[in-house]
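Asker: Just so you know, the sequence shown maps onto residues 0 to 462 in numbering that gives the first Met the number 0.
Supplied in structure tokens, the structure appears directly below.
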Amino acid sequence: MEETMSESDAPAETLAPAFTGRLGTDPIPALRLPKSETDPEATYQFIHDELMLDGSSRLNLATFVTTWMDPQAGRLMAETFDKNMIDKDEYPATAEIETRCVNMVAALFHAENLDPADPSSATGVSTIGSSEAVMLGGLALKWRWREARRAAGKDASKPNLVLGSNVQVVWEKFCRYFDVEPKYLPMEPGRYVITPEQVREAVDENTIGVVAILGTTFTGELEPVAEIAAALDELAASGGPDVPLHVDAASGGFVVPFLHPDLEWDFRVPRVVSINVSGHKYGMTYPGIGFVVWRSKEHLSEDLVFRVNYLGGDMPTFTLNFSRPGNQVIGQYYNFIRLGVAGYTQIMETLRDTALMLSKQISEIENMAIITDGSAIPVISFEVTGDPGFTVFDISHELRARGFQVPAYTMPADAEDVAVLRIVLREGFSRDIAHKLGEDIADVVGYLREGVGRGHTDQAFAH
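Here it is, written out as structure tokens:
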């Protein structure tokens, strides 16, 4: 008779069932392929049980990423997991839906020369997320700068990019991977966005572009796009370099058009040549989906577009990624059709109102100071003031024990002495839960004020 290894005898790096005797008791190696098959129900239960150790995604207030969609959207996405987005000849309906989404985004951002009857009039692509979109936008800037320099007979070996030290890490990756010098503009306590004056002083003839952020990762603030563009216009008009502007609207691109429709930050600003946006943030689609769109075709070098025919049919492609499931585009299209302008506006207004309620609740707690109240985009950031004997890291730790994941971290270069907490409000986070969070923050602060639970230094941060 074959002997069965007991759980107590199993090596440390193995998986053992939670229900001994019901699903079998042979441990499964965690770091190697098992030698034999496992029953599908048992396999499901193994993995399902291990995932119980994850925190609740709905109470994860660190992430901007969508954690709830309509069940109908979930069904559509489950039905299209198996469709490869890159196989446009084989899946023409999915490809058509992607084109529609790109056109909708381009129109939302007021791109030039759009024809509602011509889907090819929009210049842009869907991506796996804003990180890929950033890379593509950055490459387009570099290519156009290099082409212009070479056409003028000038050196094109030292490109640089002007951006704030508050950028998301993907911009650092872009500069390192594609050999572009980053010229970081520092923050300072009380100012966590770049200024037109900083930009004007930093750009030179080797600058491929300036990055302005619509909804910073650190605080959710909107950088002054129109004012930065005006400074660059003045510089170019006075004989200085003619530098384009890219807007990183990963977080704010699907918020500002609905909450602040009159704010000019997009292609209504002539110097803005490209914009990236994340569908899986406030586009309210499960990850991963993003877009990058250009003002017009002339801002995307044809050199960057590849044409392949081995999937059947001539297919232009401008992506870093290749194969990916088509269901993310389907999920985004569902939201666009399901919600429309009215639906997105209502949701964003509700999130803003909830954020304002919660930020007011927090501001009434002694030693708590609000940095951003959620009126720009639904993101609250706040800090501990005075010397109460505890830190934002202590508050974050105690809130996690109550089920709320609220990140605490230090600010970027030249403002590192400022430590903050950030709350990202997303659909599915109700006013009642927000009120309960406010009460828990007050309780935690009272608990820490008594001298209990202090001394934590772990930073938690999510993009």
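All C-beta atoms, glycine included, are put in the ideal place defined by N, C-alpha and C.
(1) Hey, out of 436, 420, 383 and 297, whose CA is closest to residue 111's CA?
(2) Decide if residue 47 is buried, meaning its Cβ has at least 16 other Cβ atoms within 10 Å, or exposed.
(3) Pull up the DSSP beta-bridge partners for residue 83, would you.
(4) Looking at C-alpha atoms only, which residue of 96, 69 and 71 is the closest neighbour of residue 82?
(5) Taking 8 Å as the cut-off, decide whether the C-beta atoms of residue 165 and residue 406 are in contact.
(6) Under a Cβ-count criterion, where at least 16 other Cβ atoms within 10 Å of its own Cβ denotes burial, should residue 372 be classed as buried or exposed?
(7) In this structure, what does DSSP give as the bridge partners for residue 59?
(8) Do you know how far the Cα of residue 195 is from the Cα of residue 279?
(9) Write down every uninterrupted run of the alpha helix (DSSP H) in the segment 195 to 220 whose length is 4 residues or greater and which is fully enclosed by it, in chain order.
(10) So residue 268 packs on residue 225, CB below 8 Å; how close in whole Å?
(11) Compare the C-alpha of residue 137 against each of 108, 270, 172 and 106 and name the closest.
(12) Excluding the 5 residues flanking residue 146 on each side, which residues of the same chain have their C-beta closer than 7 Å to its C-beta?
(13) Do residue 330 and residue 76 have their C-beta atoms closer together than 8 Å?
(14) Curious, which full-length alpha helix (DSSP H) runs of at least 4 residues does the segment 350 to 414 contain?
(15) Ignore the nearest five residues each way along the sequence and tell me which others in residue 187's own chain have a CB closer than 8 Å to its CB.
(16) In whole angstroms, give me the CA-to-CA distance for residue 324 and residue 86.
(17) Please give the ranges of any beta strand (DSSP E) in the segment 101 to 131, keeping only runs that are unbroken, at least 3 residues long and fully inside the region.
(18) Tell me whether the beta-carbon of residue 215 lies closer than 8 Å to the beta-carbon of residue 161.
(19) Looking at C-beta atoms only, is the number of pairs between the segment 423 to 440 and the segment 51 to 68 that lie closer than 8 Å three or more?
(20) Assign residue 141 to buried or exposed, taking buried as 16 or more other Cβ atoms, counted over all protein chains shown, within 10 Å of its Cβ.
(21) Could you tell me whether the segment 442 to 451 touches the segment 378 to 398, where touching means 3 or more Cβ pairs closer than 8 Å?
(22) Could you check if residue 132 is buried or exposed, using at least 16 other CB atoms within 10 Å of its CB as the buried criterion?
(23) Helix, strand or coil for residue 64? Go by DSSP, reduced to three states.
(24) Starting from the Cα of residue 178, find the closest Cα among 134, 211 and 212 and give me that residue.
(25) Does residue 275 come out as helix, strand or coil in the three-state DSSP assignment?
(26) Can you give me the Cβ contacts of residue 443 inside the same chain, cut-off strictly under 7 Å, excluding the 5 residues immediately before and after it?
(27) In the DSSP output, what is residue 419 paired with across the bridge?
(28) Is residue 296 helix, strand or coil by DSSP?
(29) Give the DSSP bridge partners of residue 183, in chain order.
(30) For the beta strand (DSSP E) that residue 259 lies in, which residues bound it at each end?
(31) If the criterion is Cβ atoms closer than 8 Å, does the pair residue 281 and residue 253 meet it?
(32) From what residue to what residue does the beta strand (DSSP E) around residue 244 run?
(33) Who are the near neighbours of residue 201 in its chain, counting only those whose CB is closer than 7 Å to its CB and skipping five residues on each side?
(34) Who does residue 291 pair with in a DSSP beta bridge?
(35) What residue range does the alpha helix (DSSP H) around residue 270 cover?
(36) Specify whether the segment 356 to 365 and the segment 432 to 443 touch according to this definition: at least 3 beta carbon pairs, one from each stretch, less than 8 Å apart.
Answerer: So, from the data block:
(1) Residue 111 has its Cα closest to that of 297, out of 436, 420, 383 and 297.
(2) Looking at its Cβ environment, which holds fewer than 16 other Cβ atoms inside 10 Å, residue 47 is exposed.
(3) Per DSSP, 324.
(4) Of the listed residues, the one whose Cα sits closest to residue 82 is 96.
(5) In this structure, residue 165 sits away from residue 406, with a CB-CB distance that is not shorter than 8 Å.
(6) Residue 372 comes out buried.
(7) In the DSSP output, where bridge partners are listed per residue, residue 59 has 404.
(8) Spanning the two alpha carbons is a distance of roughly 30 Å.
(9) Counting only runs of 4+ residues, the alpha helix (DSSP H) found wholly inside the segment 195 to 220 occupies 195 to 201, in chain order.
(10) That pair is a contact at about 5 Å.
(11) Taking each of 108, 270, 172 and 106 in turn and checking the Cα distance to residue 137, the smallest one comes out for 172.
(12) So the list reads 300, once near-sequence residues are dropped.
(13) Result yes, Cβ atoms of residue 330 and residue 76 sit closer than 8 Å.
(14) If we require 4 residues or more, the alpha helix (DSSP H) runs fully inside the segment 350 to 414 come out as 391 to 400.
(15) The residues 413 and 414, in chain order, have a CB closer than 8 Å to that of residue 187 in the same chain once the five nearest residues on each side in sequence are set aside.
(16) Between the alpha carbons of residue 324 and residue 86 lies a distance of about 10 Å.
(17) Listed in chain order, the beta strand (DSSP E) elements of length 3 or more contained wholly in the segment 101 to 131 are 122 to 126.
(18) In this structure, the beta-carbon distance from residue 215 to residue 161 does not fall below 8 Å.
(19) Touching, per the Cβ criterion.
(20) A residue is called buried once 16 or more other Cβ atoms fall within 10 Å of its Cβ, and residue 141 is buried on that count.
(21) Yes, they touch.
(22) Of the residues assessed, residue 132 falls on the buried side of the cut-off, its CB having 16 or more other CB atoms within 10 angstroms.
(23) The answer is coil: DSSP assigns residue 64 none of H, G, I, E or B.
(24) Closest by alpha carbon: 134.
(25) Reduced to three states, the DSSP call for residue 275 is strand.
(26) Excluding residues within five positions, the ones whose Cβ falls inside 7 Å are 394, 397 and 398.
(27) Here residue 419 is bridged, per DSSP, to 382 and 408.
(28) The DSSP-derived three-state label of residue 296 is helix.
(29) According to DSSP, which records beta bridges pairwise, residue 183 is partnered with 162.
(30) Counted as a single uninterrupted DSSP element, the stretch harbouring residue 259 is not any beta strand (DSSP E), since DSSP gives it neither H nor E.
(31) Contact: yes.
(32) It spans 244 to 247 - the beta strand (DSSP E) in which residue 244 sits, taken as one unbroken run.
(33) Hits under 7 Å: 161, 182 and 184.
(34) Beta-bridge pairing links residue 291 to 124 and 275.
(35) Note, residue 270: premise wrong, no alpha helix (DSSP H); not H, not E.
(36) Flag = yes, the segment 356 to 365 and the segment 432 to 443 touch.
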